[in-house]
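Note that our numbering has the sequence shown beginning at 215, numbered continuously upward.
Every residue, glycine too, gets a C-beta built ideally from N, C-alpha and C.
Owing to the predicted nature of the structure, the values given are computational and were not obtained by experimental measurement.
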Amino acid sequence: MEKVFSKIVIITIALLTLLTVSGCKTSKPATKPSYKNTSTKLPAGISDLKGDEKRLVDEALTWLGTPYKYGGQDYSGTDCSGLTMKVYLKALGVAIPRNSGEQQKFCKSIHRNSLNAGDLVFFCTGKDKKRVSHVGLYIGGGQFVHASTRKGVIISDMSERYYTSTYHSSGQVKRNGLKPAKNMPEQAKPEKKKKTAPAPQPKKLETEPLRFDLDEVIEEKIDSIYSSFLD
């Protein structure tokens, strides 16, 4: 009788434990992370921003603390180009390409000294030092928001040695659309040629071999490899 009673007690305790554990589990949607504890001081003039610049920077700052996730583009995890794409979409309703290299081509090229808050900055962090593989959103004061593979979405300074050595270019997103080209003078118009079907070209692969360098910027090199798969 005692053995039966003991088994009943053990089963009862097990059921209560199971119910307690299962009751603690909740399914939560992706929410904005807290960035109050960011160690980077925000630019002094950030509170004076207005219009599109303010909307872009305000949106970018809500992503601070978001973990890195290859192919991600929400608060549960994002990569570098997913971050900039969603910031522009949510802040201004402007759709830009998904890949960092395509984003660079999409932008109007500007000089580094002409950067304004909301512009994009591009870096070549992979084996090919001429190929864009990382992107961030400039917030002023030489700082930009971007997704690091190891630290997630953070603020970095463009004067840091790694970013000065891998910097590629800066670009401004065409927020109001492209202006129509002016009509060419009659004498400057090229002769019309009969259209012929172009010869098929082999598709260029962007994939780079994996490289694992054990140095202080390993997370950025891995990020460049990841971004090469996003077309």
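(1) Going straight from the alpha carbon of serine 295 to that of aspartate 262, what length do you get?
(2) Mind checking which residues open and close the alpha helix (DSSP H) that includes tyrosine 376?
(3) Does the segment 376 to 385 come into contact with the segment 315 to 330, if we say contact requires no fewer than three beta-carbon pairs (one atom in each stretch) closer than 8 Å?
(4) Does the contact criterion of 3 or more C-beta pairs under 8 Å hold for the segment 280 to 288 versus the segment 326 to 345?
(5) Locate the alpha helix (DSSP H) running through glycine 296, then write down its first and last residues.
(6) Should serine 379 go down as buried or exposed, given a rule of 16 or more other Cβ atoms within 10 Å for buried?
(7) Note down, in chain order, each residue of its chain lying with its Cβ closer than 7 Å to the Cβ of glycine 366, except the 5 sequence neighbours on either side.
(8) Going straight from the alpha carbon of aspartate 293 to that of threonine 363, what length do you get?
(9) Just tell me which of Glu273, His360, Trp277 has its CA closest to the CA of serine 347.
(10) Let's see if you can read the secondary structure: which residues bound the alpha helix (DSSP H) around serine 347?
(11) Might you give, ordered along the chain, the residues of its own chain that have their beta carbon closer than 6 Å to the beta carbon of leucine 329, omitting 5 neighbours on each side?
Reading off the structure:
(1) The sequence position of residue 295 within the sequence shown is 81, counting from 1. The sequence position of residue 262 within the sequence shown is 48, counting from 1. Cα to Cα, serine 295 sits roughly 27 Å from aspartate 262.
(2) Here residue 376 is taken as the residue at index 162 of the sequence shown, counted from 1. Counting along the chain, the alpha helix (DSSP H) containing tyrosine 376 begins and ends at 375 to 380.
(3) Between the segment 376 to 385 and the segment 315 to 330 there are three or more C-beta pairs closer than 8 Å, enough to call the two in contact.
(4) Taking 8 Å as the limit for Cβ pairs, the verdict is that the segment 326 to 345 does not touch the segment 280 to 288.
(5) Start at 1 with the first residue of the sequence shown, and residue 296 comes out as number 82. Counting along the chain, the alpha helix (DSSP H) containing glycine 296 begins and ends at 294 to 306.
(6) Locating residue 379 in the sequence shown gives position 165, counting from the first residue. Burial check for serine 379: the Cβ neighbour count within 10 Å stays below 16, so the residue is exposed.
(7) By one-based count along the sequence shown, residue 366 stands at place 152. Excluding its 5 nearest sequence neighbours in each direction, glycine 366 has C-beta neighbours in its own chain below 7 Å: Gly279, Thr280, Pro281, Tyr282, listed in chain order.
(8) As a position in the sequence shown, residue 293 is number 79, starting the count at 1. As a position in the sequence shown, residue 363 is number 149, starting the count at 1. Approximately 7 Å, taken between the alpha carbons.
(9) The residue labelled residue 347 in the question sits at position 133 within the sequence shown. Ranked by Cα distance from serine 347, the options Glu273, His360, Trp277 are led by His360.
(10) As a working note, residue 347 is residue 133 in the sequence shown. Taken as a continuous stretch (DSSP letters only), serine 347 belongs to no alpha helix (DSSP H), as it is neither H nor E.
(11) Reading the sequence shown from its first residue, position 115 is the one you call residue 329. Excluding residues within five positions, the ones whose Cβ falls inside 6 Å are Tyr352, Ser384.
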